[in-house]
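Going by the working numbering, the sequence shown opens with residue 349, and the numbers climb by one from there.
The next block holds one structure in the form of structure tokens; read it before the comments.
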Amino acid sequence: MQDPRYDVIVVGAGFAGLACARELAVRGPRVCVIDRKQDLGERIHTTGILVQEACDAPLLAGLPPSLLRAVPHVRVYAPNLRSVRLGAHGYRFHTTDTPALMRWLGEQAEACGVEVRRGLAFRDATRTPTGWQVDGVGPTRVLVGADGARSRVARRLGLGQVTQFLYGVEYEFDGMTLREPDALHCFLSKRFAPGYLGWVAQTPTGVQAGLARRYRAGGTPAPDMAGFLAHVAPMTGLDAARRPDSIRAGLIPCGGPVAPMRADGVTLVGDAAGMVSPLTAGGIHSGLRHGAAVGRMLAAHLSGRATSSVPPTPPVPGFAFKRLLRWAFDHAQWDLPIDLLLTAPPMRRMVEQLCFHQRGEQVPDPATAD
Ligand SMILES: Cc1cc2nc3c(=O)[nH]c(=O)nc-3n(C[C@H](O)[C@H](O)[C@H](O)COP(=O)(O)OP(=O)(O)OC[C@H]3O[C@@H](n4cnc5c(N)ncnc54)[C@H](O)[C@@H]3O)c2cc1C
349 MQDPRYDVIV
359 VGAGFAGLAC
369 ARELAVRGPR
379 VCVIDRKQDL
389 GERIHTTGIL
399 VQEACDAPLL
409 AGLPPSLLRA
419 VPHVRVYAPN
429 LRSVRLGAHG
439 YRFHTTDTPA
449 LMRWLGEQAE
459 ACGVEVRRGL
469 AFRDATRTPT
479 GWQVDGVGPT
489 RVLVGADGAR
499 SRVARRLGLG
509 QVTQFLYGVE
519 YEFDGMTLRE
529 PDALHCFLSK
539 RFAPGYLGWV
549 AQTPTGVQAG
559 LARRYRAGGT
569 PAPDMAGFLA
579 HVAPMTGLDA
589 ARRPDSIRAG
599 LIPCGGPVAP
609 MRADGVTLVG
619 DAAGMVSPLT
629 AGGIHSGLRH
639 GAAVGRMLAA
649 HLSGRATSSV
659 PPTPPVPGFA
669 FKRLLRWAFD
679 HAQWDLPIDL
689 LLTAPPMRRM
699 VEQLCFHQRG
709 EQVPDPATAD
């Protein structure tokens with residue numbers, strides 16, 4: 349019987365694919381990750397904000413502090429720009445130098461024994477008696493699709509595909525400093541971000557400002573970044589007239605996990621599997637966690653400790669409550685109630701719990717202090 353050169357080929361060197369590959373490689377299987385990008389730090393389509401739990405991911409162990417900036421607070425703005433500053437004791441978000449982070453993650457995976465082949469796109473694969481023959485790469489026992497929201501692996505091999513998206517656009521301003529850099533600024537506004545929100549954040553290298561809105565195929569107007577930047581400039585200290593140094597954009601899955609997520613010898617992880625919080629649209633932590641869990645289970649499967657011929661997958665969250673909140677936000681987003689209620693204690697408390705994963709607490713607001 350043919351001995352495939354690789355036990356696992358992972359398509360996509362993003363958070364989920366590299367986390368999966370690392371967990372496999374440290375347990376023995378021969379793993380190759382292919383990515384169509386020559387440089388993993390190019391054409392990024394994420395803000396790269398990490399929730400605190402994401403920093404504990406094994407793949408991120410030893411991350412150079414220069415790539416991170418701690419952001420302990422969230423300032424949420426109503427459409428009329430009244431705001432509340434929120435926090436939770438000891439909890440921090442981290443903004444990142446995302447291009448440098450992605451390159452570093454690739455190197456980390458390589459240091460663990462993963463072969464990362466850059467500039468190699470997945471086109472198709474055919475079934476063999478021992479696994480899959482991946483065009484342009486070679487044979488493998490198991491194929492993992494970690495190729496993002498528009499997964500070609502899912503499409504070509506007949507797995508479930510993501511059908512509901514948000515569309516996000518983000519401008520980056522190198523070297524710029526916000527008036528309140530220790531807060532992630534989140535703007536609720538049906539005019540600028542129907543179905544989601546706008547954000548402004550201080551990063552290790554400058555400022556990121558973005559808008560995301562509900563995506564409808566063939567009918568999604570481009571987010572009005574110029575209008576948004578002018579709208580929020582007085583609150584943030586942004587120079588709205590300055591041209592961005594770079595622009596990122598992309599689709600964010602928001603409909604929950606896809607089905608089926610796996611078949612004989614192939615499984616999806618991360619965005620390809622729809623593993624993104626439908627409410628917050630955060631997919632880095634869930635992608636790292638899901639990719640790593642699939643990697644550990646595949647390693648057990650390949651070592652012969654598992655009995656089924658079908659690669660296992662870990663239990664996946666259904667995001668039922670968050671999908672309900674997303675539905676409500678999609679269908680009943682009105683500015684007036686948010687203008688009136690955001691600063692009211694019960695609403696503030698609820699937003700704080702959502703932002704800080706049930707750890708929220710009242711924090712003093714320097715902007716309103718005497
Ligand atoms: C504008 C925007 C801002 C966001 N901000 C945040 C945030 O701040 N925090 C957060 O938690 N989440 C954020 N998200 C969501 C988050 O970025 C994703 O959930 C996360 O990056 C998913 O990781 P992944 O590894 O599954 O997929 P990706 O990061 O999409 O990685 C997929 C990889 O596959 C490669 N690939 C694709 N097709 C092929 C192919 N055919 N052959 C070979 N390689 C291929 C790509 O080049 C890419 O490297 C944001 C998303 C967007 C669009």
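Glycine residues also receive a C-beta, built at the ideal position from the N, C-alpha and C atoms.
Keep in mind that this is a model prediction, so the values were computed, not measured.
Annotation: the stretch 523-569 contains the following complete segments of the beta strand (DSSP E) (minimum length 3 residues), in chain order: 531-535, 546-550 and 554-563.
Within the stretch 424-491, the alpha helix (DSSP H) runs of at least 4 residues that lie entirely inside it are, in chain order, 446-459.
Judged by DSSP secondary structure, D383 falls within the beta strand (DSSP E) whose first and last residues are V379 to D383.
With a beta-carbon spacing of about 11 Å, L532 and G546 fall beyond the 8 Å limit used to define contacts.
Contact annotation: G622 and V606 have beta-carbon atoms nearer than 9 Å. By the Cβ-count criterion, P601 is buried, with 16 or more other Cβ atoms from all chains shown falling within 10 Å of its own Cβ. In the DSSP assignment, A597 is bridged to V517. Contact between the stretch 473-486 and the stretch 421-439 is absent: fewer than 3 CB-CB pairs across the two stretches fall below 8 Å. In this structure, DSSP gives D678 a helical state, which the three-state scheme calls helix.
Using a C-beta cut-off of 8 Å, the stretch 369-376 makes contact with the stretch 633-653, since at least three inter-stretch Cβ pairs fall below that distance. DSSP places T584 within a helical segment (H, G or I) once states are collapsed to three. For A629, the number of other beta carbons within 10 angstroms of its own is at least 16, and it is reported as buried. Inclusion of G496 in the 8 Å shell around ligand 1 follows from its C-beta lying nearer than that to a non-hydrogen atom of the ligand. As a beta-bridge residue in DSSP terms, L416 pairs with T444. The beta carbons of G639 and C460 sit no closer together than 9 Å. Secondary structure of R637 (DSSP, three-state): helix. By a beta-carbon distance limit of 8 Å, I632 does not contact A448. Their separation comes to about 15 Å. In its chain, beyond the 5 residues on either side, I382 have a beta carbon closer than 6 Å to the beta carbon of L468. Using a Cβ distance threshold of 9 Å, F513 and G603 count as a contacting pair. Of the heavy atoms belonging to ligand 1, none sits nearer than 8 Å to the Cβ of P665.
Looking at the DSSP output, I686 sits in no beta bridge, so it has no partner there. Judged by DSSP in its simplified three-state form, R610 adopts strand.
Between the alpha carbons of P569 and R489 lies a gap of roughly 43 Å. Beta-bridge partners assigned by DSSP to V358: V381 and V492. With fewer than 16 other CB atoms across the displayed protein chains lying within 10 angstroms of its CB, E390 is exposed. In this structure, T444 sits near L398, with a CB-CB distance shorter than 9 Å. The nearest non-hydrogen atom of ligand 1 is 8 Å or more from the C-beta of F535. Closest by C-alpha distance to D593, out of Q681, L526, Y519 and P352, is Y519.
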